[in-house]
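Q: In my numbering, the protein residues as written are 4 to 40.
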């Protein structure tokens, strides 16, 4: 549920969301940052 609140808030502010959370993979206006060890 928290993911949907974060994404909705970003969209309401016409902002691009940057996240390391793989749950956002494939969604529009989301930049997924992959952790490289």
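The C-beta atom is built at its ideal place from N, Cα and C for all residues, glycine as well. Remember, predicted model here, so these are calculated numbers, not experimental data.
Could you tell me whether the Cβ atoms of residue 20 and residue 31 are closer together than 7 Å?
A: no
Q: Which one of 39, 33, 38 and 37 has the shortest CA to CA distance from residue 17?
A: 33
Q: Starting from residue 30, trace the beta strand (DSSP E) in both directions and tell me its first and last residue.
A: Premise fails: residue 30 is in no beta strand (DSSP E) and is neither H nor E.
Q: Less than 7 Å between the C-beta atoms of residue 9 and residue 23, yes or no?
A: no
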